[in-house]
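Working notes, beginning with the structure itself.
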Amino acid sequence: MSILLKNATYIDWKTLAFSQVNILTEPGNDNLQFIENVEDTQKKPGVEVLDCKDKLVTKSFGVGHHHAYSALSRGMGSPSKKPENFYEILKNIWWTLDKCLDSEMIEYSALVTAIACAKAGSTFIIDHHSSPSSVKGSLEIIAKAFDRVGVSHLLCYEISDRDGNDIAREGLEETESYLENHQGLVGLHASFTVGNDTLTRASDIMVHFDSGIHIHVAEDLYDQDFTMRKYGKRVVERLNDYGLLKSPKSILAHCLHLDENEKDILRNSPCRVVQNPESNMNNNVGRFNGEFLGSNIMLGTDGMHSDMLRSAQSAFFTGQGYDSISCQSAYQRLRNVNHYLYGNNFKGNAENNLIVLDYDSPTEINQENFYRHFIYGLNSSHVNDVITNGKLIVKNRQVQTVDEQEIYKESKRYATQLWQKMQNV
């Protein structure tokens, strides 16, 4: 079915030029059609009309770093032993949770994540998955769940030696199997949980499939200290020595604790760094300063939520007095996910991925002041409709592709099972 957005105020996501237009999207056509003759078009069979009078239409967002596997943790109780540092947060919470996931829990984690992303205006998710007790086929489960909702994706499995050689091998095999038939990345947990043999095999897979890596880098000083003690070099230096930073598809999440040489390496590398401000503050690991990297920064959520407007605003506010970030550069970091996807020819990021914003501002909004509205006014509650690949997946703030309430009913049941399992690990 074609979709006609009539009477729209269209904002070009690259130039921020405002224009009053009628937009037609059609299945199989990645481009937007700006039309004059609305009366004839809306009478054609198979055309759904959305009246966008007094609404803003622009390109949808993408999540630069997500953890759908954490979706069923919302409201979960505290661990029996309170974590005293970042390593204990990982060990006592997230490494306990991921080991308890089964295929049904993975599926519903992905479904609720895709729903949340879509309703917040994101139609593309770059996800970093972990389920050591249910590795085989896990990426396919997530892909199918995202597809059901209508959200495009770039997935990877978090390969790690922390659960032993057999699980690391399963992670490598799952990665190879998935990349045979899908676009994706080679996921690694972090330098301090990935040995040299596993790193070598991951590098070989990356080269073979012309892919990139997706890894946590220097999120906490523990990563640097461990890597220096065991391997005699810092994290970015180690990854660089294995050729993992040569690909423009490679994504490094966090990058909080880097020295000048590491910053130099990244400045001269085509890979992307993803900032996750709320996660960093929540884990008390430090604040991000992207001044050294310029425009090569994307934004993610690190599984904290699925709202990229919120992430961009958090990046701006937490960066005041610390990071060289402005309203404009916060917007650019958000849009760098779209640029990354375009630059690497990943499917699912077409121009006909749109959001309709019902933003009834008490003040004028235009090209000159859009950045300030972006930081101080817009939020995900303004997302009214979402179109992905020419298909309407959210209409009047309601998901159209799946039964949201039925999925939430089931997800509550699986979350209860997950929390109970975690008590026995």
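For the sequence shown, my numbering gives the first residue as -16, with consecutive numbering after it. Note that beta-carbon positions come from the ideal geometry of N, C-alpha and C, so glycine has one too.
Hey, residue i and residue j: beta-carbon distance below 7 Å or not?
| i | j | result |
| --- | --- | --- |
| K74 | S116 | no |
| T106 | S174 | no |
| Y(-7) | S(-15) | no |
| T284 | H49 | yes |
| D341 | N367 | yes |
| V4 | F17 | yes |
| S364 | A99 | no |
| E123 | H172 | no |
| A151 | H199 | no |
| Q207 | V218 | yes |
| S394 | Y52 | no |
| L(-13) | T24 | yes |
| L138 | D180 | no |
| V257 | G58 | no |
| N321 | G45 | yes |
| I89 | S114 | yes |
To which residues of the same chain is residue i closer than 6 Å at the C-beta, ignoring the five residues directly before and after it?
| i | result |
| --- | --- |
| L222 | L228 |
| L94 | A128, I390 |
Which residues in the same chain have their Cβ closer than 8 Å to the Cβ of residue i, if we skip the five residues on either side of it in sequence?
| i | result |
| --- | --- |
| R270 | L239, P260, N263, M264, T301, G302, Y305, D306 |
| A295 | L282, A313, Y314, R316, L317, F357, I358 |
| A101 | V132, G133, V134, V369, T371, I376, V377, V382 |
| E87 | Y397 |
| I188 | L155, T158, E159, L162, V169, S194 |
On the premise that residue j lies in contact with residue i, defined as a C-beta separation below 8 Å, what is that separation, rounded to the nearest angstrom?
| i | j | result |
| --- | --- | --- |
| F69 | Y205 | 6 Å |
| A313 | D13 | Not a contact, Cβ separation roughly 28 Å. |
| T8 | G286 | Actually they are not in contact, since the Cβ atoms of T8 and G286 sit about 31 Å apart, beyond 8 Å. |
| R255 | Y323 | 5 Å |
| S186 | G226 | 6 Å |
| K36 | N(-10) | 4 Å |
| V118 | E153 | 4 Å |
| L292 | A54 | About 19 Å; that fails the 8 Å criterion. |
| A443 | Q311 | As shown, the chain starts at -16 and ends at 408. That puts residue 443 outside it, with no answer to give. |
| H191 | I234 | 18 Å between Cβ atoms; not a contact. |
With a 10 Å radius around its C-beta and 16 neighbouring C-beta atoms as the bar for buried, classify residue i as buried or exposed.
| i | result |
| --- | --- |
| Y325 | exposed |
| D203 | buried |
| E19 | exposed |
| K232 | buried |
| G67 | First, the residue type needs correcting, since residue 67 is Glu and not Gly in the sequence shown. Label assigned to E67: exposed. |
| K417 | Not covered by the structure: residue 417. The range shown for the chain is -16 to 408. |
| Q388 | exposed |
| N410 | Outside the shown range of the chain (-16 to 408) lies residue 410, about which nothing can therefore be said. |
| T176 | buried |
| N319 | buried |
| T96 | buried |
Near residue i, what residues of its chain come up, given a Cβ to Cβ distance below 7 Å and the 5 sequence neighbours on each side ignored?
| i | result |
| --- | --- |
| H356 | S344, I348 |
| M405 | T79, L80, C83 |
| G178 | D144 |
| T384 | R131, V132, G133, I376 |
| K64 | N75 |
| L182 | Y225 |
Any heavy atom of the ligand PLP inside 6 Å of the beta-carbon of residue i?
| i | result |
| --- | --- |
| G360 | Absence of the ligand PLP from the depicted structure is noted, as is the absence of any ligand whatsoever, leaving it without description. |
_Three or more C-beta pairs below 8 Å linking the stretch 260 to 278 and the stretch 333 to 352_ = no
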